[in-house]
Structures are given as structure tokens and as C-alpha cells.
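Working notes, beginning with the structure itself.
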Amino acid sequence: MNLFTGTRRRGGTAAGEGSRSVLRALAAAATVAALAVSVTSATATAAPAAIPPGLSCDTGKHAIDEYTGFALCRNNGSQTQTFWVHLVCGWAPDVDGNHVTLRPGESGQSTAHCGKIGTGIGEIHVRP
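The numbering used here numbers the first residue of the sequence shown as 4 and each following residue consecutively.
Structure representation (C-alpha cells):
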């Protein structure tokens, strides 16, 4: 019985039934593939951006809190430089850390914290 019209179907062919089930299977496979692509692209992590010239930096997540990220940098150049950490936070807004100014030869750290509503840190960048 057709639920939309309330009528019964009479004398359906086997070929019609087979093609309908094939179409349903294809539609289900396409839906699963589309969801897999969107989930993969949402959780994929791109390579971090290049570190500004003259700085050597280590970046990472806090050992206890995965929502806190840092950039620990040393100024190997001959001029004073300012940097800060930039965190890509998934579903929460991206955040910037404190601005740190280093004279030649000095080291310093910038720290930022992603909101708990997000999926955590996806990328960590050092910005000049």
C-alpha cells in the first residue's frame, strides 16, 4: 500500500522492485560518502604556517589542558621582534595569545586558551 495516496499497487514487476532497491542503496551510499567527507574535512589539521624570520619556535598543547596552546620562541635575529600564538579552535572562535616582544638573543612564551564549547586546538600558528 502506498502510504501517501492510500492506494494499493497491483502487479508490480520484479525489475521495478530491483531498480528501486538499487536506487535506495545508491542514495544511502552517497549520503554516507558526503558525511564522511564533511567530517574528515572538519577534523583535518593543516600544516602550521611558517614561523616569522629570525625566530625559532616550539609550539604545542599544554600537558594537562588540551585547550591551552603555546609558542615558545627565541629571537635569533639582530632586531627586536614581537610575536604571539594564534590557535584555531575548531567550532569555538579562534584566539590569539599575549603579544611578546623579544630583543636579540631573548626567549619568551605566548599562551592562549580555546573555549570549552569547541573541539579543542586544531592548529597552532606563530604570528609576527
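Glycine included, every Cβ here is placed at the ideal spot set by N, Cα and C.
Compute the Euclidean distance between the alpha carbons of threonine 83 and aspartate 61, then round it to the nearest angstrom.
Position 80 of the sequence shown, counted from the start, is the residue given in the question as residue 83. Position 58 of the sequence shown, counted from the start, is the residue given in the question as residue 61. Distance between the alpha carbons of threonine 83 and aspartate 61 is about 19 Å.
So the candidates are Gly125, Lys64, Ile54, Leu58; which of them puts its Cα closest to the Cα of proline 96?
One-based indexing of the sequence shown puts residue 96 at position 93. The option with the nearest alpha carbon to proline 96 is Gly125.
If you reduce the DSSP assignment to three classes, tell me which class isoleucine 127 lands in.
Your numbering for residue 127 matches position 124 in the sequence shown. Of the three classes helix, strand and coil, the one that applies to isoleucine 127 here is strand, per DSSP.
In the DSSP assignment, what are the bridge partners of cysteine 60?
If you number the sequence shown from 1, residue 60 lands on position 57. According to DSSP, cysteine 60 bridges with Cys76.
How many angstroms separate the CA atom of cysteine 92 from the CA atom of glycine 118?
Taking the first residue of the sequence shown as position 1, residue 92 is located at position 89. Taking the first residue of the sequence shown as position 1, residue 118 is located at position 115. C-alpha separation (whole angstroms): 8 Å.
Can you round the beta-carbon distance between leucine 58 and glycine 72 to whole angstroms, since I take them to be within the 8 Å contact cut?
For the purposes of this step, residue 58 is taken as residue 55 along the sequence shown, with counting starting at 1. For the purposes of this step, residue 72 is taken as residue 69 along the sequence shown, with counting starting at 1. Actually they do not touch by this definition, with Cβ atoms about 17 Å apart.
Short Cβ contact (8 Å threshold) for valine 129 with valine 88:
In the sequence shown, residue 129 corresponds to position 126, counting from 1. In the sequence shown, residue 88 corresponds to position 85, counting from 1. Yes.
Any idea what DSSP makes of aspartate 99, helix, strand or coil?
Position 96 of the sequence shown, counting from 1, holds the residue named residue 99. DSSP places aspartate 99 in strand when its eight states are reduced to three.
For serine 113, count neighbouring Cβ atoms within 10 angstroms of its own Cβ and tell me buried if that reaches 16, exposed if not.
Sequence index remark: in the sequence shown, residue 113 carries index 110 (1-based). It counts as buried.
From what residue to what residue does the beta strand (DSSP E) around tryptophan 87 run?
In the sequence shown, the residue the question calls residue 87 occupies position 84. Residues 84–91.
Reducing DSSP to helix, strand and coil, say where serine 113 ends up.
Locating residue 113 in the sequence shown gives position 110, where the first residue counts as 1. Strand.
Backbone CA spacing between asparagine 101 and tryptophan 94 [nearest angstrom]:
To locate residue 101, count along the sequence shown from 1; it is residue 98. To locate residue 94, count along the sequence shown from 1; it is residue 91. Rounded to the nearest angstrom, the two C-alpha atoms are 22 Å apart.
Going straight from the alpha carbon of threonine 85 to that of glycine 111, what length do you get?
Stepping through the sequence shown from its first residue, residue 85 is reached at position 82. Stepping through the sequence shown from its first residue, residue 111 is reached at position 108. Taking the straight line from one Cα to the other gives about 10 Å.
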